[in-house]
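Heads up: the sequence shown runs through residues 142 to 1063, numbered per our numbering.
Quick reminder that beta carbons are idealized off the backbone N, C-alpha and C, glycines included.
In this text, all values refer to a predicted model and were calculated from it rather than measured experimentally.
Notes follow once the structure below has been shown.
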Amino acid sequence: SRDPARHKHMSHDRCLYSNMVALSPVLVLTYLSYFHSAVLSFPLDQQSHDTSSCGYKVMPNMLNVHLVPHTHDDVGWLKTVDQYFYGGRNDIQHAGVQYILDSVVGQLLQNPERRFIYVETAFFYRWWKNQPPSMQKAVRQLVDQGRLEFVNGGWCMSDEATTHYSAVIDQMTLGLRFLNDTFGPCGRPRVAWHIDPFGHAREHASMFAQMGYDGFFFGRLDYQDRTNRIRTLEQELLWRASESLEPPYADLFTGILPNGYNPPKGFCWDQSCDDAPIMDDPDLEDYNVDDVVQRFAAAANSQAMAYKTKHIIMTMGSDFQYENANLWYKNLDKLIRYVNTRQANGSQINVLYSTPSCYLQELHRANLTWTLKTDDFFPYADDAHNFWTGYFTSRPALKRYERVSNGRLQTCNQLEVLGGPSSRKGPFGAGDSETLREAMAVAQHHDAVSGTEKQHVANDYARRLANGWQHCQVVVSNSLAALSGSSAGRIYCDNLNVSACPLTEASKKVTDIHAHSCTHAPVKTKIWIEEYFFNRVCVCVCVCVCQFVRATFDPATGLLDSLTNLETQQTIRLTQNFYWYNASDGKSSISDQASGAYIFRPNSSSPFIISCTAETESIQTPELQEVRQQFGPWVSQVIRLHSNSKALEMEWTVGPVPDPPRYHSPALSRLAGVTSWSHRKDFRPTWDLRQTEPVAGNYYPINSRAYIKDDKDQLTVVTDRSQGGSSIHDGSLEIMLHRRLLHDDWRGVGEPLNEMSGVFPLGLVVRGRLLLSLTPPALAADAHRPLAQENVLQPLLSFTEGGPPPGSLLEVCFSGLQAALPPAVHLLTLSQWGQDSLLIRLEHQFQTKESKEHSVPFTVNLQVYTQYTHICTWEPLGTHIHTLFPSQSIINLFMVYLIGKDSVILTPMQIRTFILRVAPRR
């Protein structure tokens, strides 16, 4: 890597990004979404950055057109990650990322005026490792000069609807750390760049703001929203992404790109395009310079009418373009030269190579005010009957596997720390957490966990997660051996989701080790040996009751009838059943749009009920009460009450969805109880909606939970994966569980969402779990926030044959925390950072004003039990960083205020990140 001393003395002109906020994945998150109208000034220091450092001279009295050469390289979609990088399977799609980077760097070195931006660190990291020192030196020079600029900087461009925030933080950290370690301050992105995700969440904007990005650009916007914003000149705005943080800590300037992320029509000069090159020999019959200049001027002037300033941005590139970068740059050089030559004849257009950060700086210098937005950009539709709300649920098994893998990674990270160096190389061999960390980072891509990839690519994502878990299993086994003093073999029973574990089935005595991720309480790694004796099965049951909850069932139908919170003495009438929508095949007279992996478009607004009754049987023990419901040959459910739980568990099993003609699409669970939910039906906060799809147009992503409520009761449903849902009828909440489709929706995938395998040759069977919590609204957050965390970070089970060795540490209980954290505080991350350093993130998981008890600042004194003798220093990330936000440079955005040696204050929704320098135990 580079000599860090070199950066300390680097001049402002030498490193064009000296004002950039340093790597600091320190965030504030919030979950409410509503809008109020306002305008705010651009949150940048007027004197913070000299435009001349961007390498060009703008013309203040002209229309300045910022050309941004770029490529959009999906980390898997139609081809796998490896196939995209190496250029394999070109029969599917011609794309090879290694050749793109080879070609672009060569062209940048030929002309100092040229620029390029790059996004996907997963690909760049691969390419970089294969370059000789001479090429690495040349690339570092391009980065130092600002001619090769990294934007976004994460391992991938993550999805915003189906990802969990903790996994997004991890993948951003992975990419940003590589850029920081490799290129120093000059390589750190200043702009977030989400040009392809299918809708945008304000939680992502909040994360980007708290990471220190100056701005955020995206390409996809609902067609009605875009029309309105073009009319009102509001395609550039200020996004206030948190209600819990005082402005401007979570404020982020946001720009909506004019052509998605493509060039203007007629100006694509990639080898994949058909537009004519600029032919500038006057002797040629096809000489076209005048025509090109006139058409470009018309496109520029038309675009400028939809924006406020004398500066506009044009994205010159698209999917996997620049494999032959000479085609692009040769024509862009000519375009700039010939358009600017017309200035001598009175033209008012100035064209230049630029980057998003330089364009952003010009907007700042305009010193305007911008419309304020506080809600999401969901749901997204590209036409009247084309709502991209199906992917909220597409590939539900992969979505669940990704969520399980996230929990496994956190456990692996923590045990790697707690077990010390022997966790990476011990009695069970050499293991690592990096393989799973990288697989999880790839899975956050907007065509991965979203479920919008081809089937063989989905298989590859799952294979990577499985391989990463195998590496982590070695770390976990080594760590447990170090902590317990026992090297007994450990079995992880990866098929427990189908109740299959050969060891427990064959052995008379088994040791069950529960390894929990440390959350906020000193949860113990616990061993016990138990035998379960079930009472006889009863055919009919009317009531299930435990210490905290009572559920009643209609004896005539076998369906859930009511739910009672025995602590608060609340009872609601609650019914639940399963339905399916018949999907559009694209043959209607209204629209030819079919349902597919992206699009949800039912043929009617009323779903079909699977069965009005359920066959039931019950099991009751002192620890567990269970009602098993069978709705048909492909839908069943088990409703459970655990003796110590305050939530009602509903474990559903759906599939295989029968073949057409009767069934075409999604199965869903609908609950009917209290009377409102957080999104208003047929409403958008920022424009007057013309609703054309009354079901799909009211679906929203449910990332971890959803609720409906009235003045007295709130029913919160916690999901075990990301799913789509809505409240189509007052007092109801429906959650889409599974999708099976026979038509492609014409958004590029080129195959229907019809999952089958050798295990499920008739169609995919999916199992999942919903947790229901009934509380007064004022107490709801106190219940659902910890419940959701427990659902994400479930205990990892491992088994050994026989009993625990006498006197081992794990014969009793062990915890990585010596004392409980405050209930509102969550240990989000504990992982190895370096040989003598750890990464710790603390999260205040409550929002301001939602809990009387917990929506207040907390002081945390964190003591971590490790194989180290003591903590040498706490180093808050980002405490010595220059920032473009002058009001925040006094009290730095990422500073955690130290009270004592090991104490910090956390305010609602803050996440704070530390590097701990530690000394080995002697």
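Straight-line Cα distance separating residue j from residue i
i: THR496; j: ASP337; result: 18 Å
i: PRO743; j: ASN723; result: 6 Å
i: GLN688; j: ARG331; result: 53 Å
i: GLN959; j: SER845; result: 29 Å
i: VAL933; j: ARG329; result: 31 Å
i: SER725; j: THR833; result: 14 Å
i: ALA350; j: GLY196; result: 26 Å
i: ALA603; j: LYS595; result: 13 Å
i: GLN412; j: TYR463; result: 8 Å
i: VAL199; j: GLY287; result: 17 Å
i: SER784; j: SER914; result: 15 Å
i: MET791; j: ALA965; result: 26 Å
i: TYR109; j: ALA466; result: Examination of residue 109 is not possible in this model, given that the chain is present from 142 through 1063 alone.
i: PHE824; j: ASN608; result: 44 Å
i: GLY99; j: LEU219; result: Absent from the model: residue 99. The displayed extent of the chain is 142 to 1063, so no value can be given.
i: THR709; j: ALA922; result: 15 Å
i: SER972; j: ILE477; result: 49 Å
i: TRP828; j: ARG821; result: 13 Å
i: VAL260; j: HIS213; result: 8 Å
i: LEU509; j: GLU503; result: 11 Å
i: ILE241; j: GLN251; result: 16 Å
i: GLU426; j: ILE490; result: 27 Å
i: LYS278; j: ILE1052; result: 36 Å
i: ALA302; j: GLY838; result: 15 Å
i: TYR500; j: ILE454; result: 7 Å
i: TYR848; j: HIS587; result: 26 Å
Beta-bridge partners of residue i, as assigned by DSSP
i: LEU765; result: HIS783
i: ASN1002; result: SER1044
i: GLY396; result: PHE358, GLU377
i: SER488; result: DSSP, once it has assigned bridges, lists no residue as partnering SER488.
i: MET581; result: Bridge partners of MET581: none, in fact.
i: ALA571; result: LYS566
i: LYS850; result: GLN855
i: GLU984; result: HIS967, ILE1052
i: ALA735; result: ASP726
i: ASN718; result: ARG811
i: ASP474; result: Beta-bridge pairing links ASP474 to no other residue.
i: TRP828; result: ARG825
i: TRP793; result: GLN778, GLY909
i: MET897; result: Per DSSP, none; premise fails for MET897.
i: ALA692; result: CYS685, LEU704
i: GLU758; result: ARG769
i: LEU204; result: ILE490
Cutoff 6 Å; reference residue i; Cβ partners in own chain excluding five residues on either side
i: ASN472; result: TRP410, PRO418, ILE419
i: SER1028; result: Because SER1028 sits at a pLDDT of 26, beneath the cut-off of 50, its placement in the model cannot be relied upon, and the following sentence gives the value as read from the coordinates. Closer than 6 Å at Cβ, skipping near neighbours: no residue.
i: PHE674; result: Its pLDDT being 34, under 50, PHE674 is placed unreliably in this model, and the value from its coordinates should be taken loosely. Same-chain partners within the cutoff: there are none.
i: PRO399; result: GLN444
i: GLY773; result: ILE751, SER752
i: THR593; result: TYR532, ALA738, TYR739
i: LEU362; result: ILE397
i: LEU903; result: PRO797
Sequence-distant residues of its chain with Cβ nearer than 7 Å to residue i (five each side left out)
i: SER563; result: ASN619, ALA623
i: LYS475; result: ILE419, ASP421
i: PRO799; result: TRP775
i: PRO273; result: none
Check: residue i C-beta below 8 Å from any heavy atom of the ligand NAD
i: LEU509; result: No copy of the ligand NAD appears in this structure; indeed no ligand is present at all.
Same chain only: Cβ atoms within 8 Å of residue i, ignoring 5 sequence neighbours per side
i: VAL690; result: LEU704, THR705, ASN706, LEU707, LEU782, SER786, LYS787, ALA788, LEU789, LEU915
i: ARG549; result: LEU577, TRP610, CYS613, LEU937
i: VAL280; result: VAL246, TRP269, GLN272, LEU289
- So does the segment 725-734 actually touch the segment 746-765, counting three or more Cβ pairs closer than 8 Å? Proximity of the segment 725-734 to the segment 746-765 falls short of the contact definition, fewer than three beta-carbon pairs being nearer than 8 Å.
- Item | Touching by the beta-carbon criterion (3+ pairs, under 8 Å), the segment 565-582 and the segment 312-325 | Look at the beta carbons and you see the segment 565-582 touching the segment 312-325: at least three pairs across the two are nearer than 8 Å.
- Any alpha helix (DSSP H) of 4 or more consecutive residues that is wholly inside the segment 279-347: Counting whole runs of 4 or more residues, the segment 279-347 contains the alpha helix (DSSP H) stretches 306-324.
- Message: Which complete alpha helix (DSSP H) runs does the segment 391-454 hold, if anything under 4 residues is left out?
- Response: Counting only runs of 4 or more residues that sit fully inside the segment 391-454, the alpha helix (DSSP H) segments are 430-445, in chain order.
- Message: Measuring CB atoms only, is the segment 751-758 touching the segment 906-919, in the sense that at least three cross pairs come out at less than 8 Å?
- Response: Fewer than three pairs of CB atoms, one per stretch, sit closer than 8 Å, so the segment 751-758 makes no contact with the segment 906-919.
- Query: At which residue ranges does the segment 516-571 contain complete alpha helix (DSSP H) runs of 4 or more residues, listed in the order of the chain?
  - Reply: If we require 4 residues or more, the alpha helix (DSSP H) runs fully inside the segment 516-571 come out as 537-560.
- For the segment 820-834 against the segment 521-530, are there 3 or more C-beta pairs whose distance is under 8 Å? They touch, by the three-pair rule.
- Query: Would you call the segment 370-385 and the segment 439-459 in contact, with 3 or more CB pairs under 8 Å?
  - Reply: Yes: the two stretches touch, three or more of their Cβ pairs being nearer than 8 Å.
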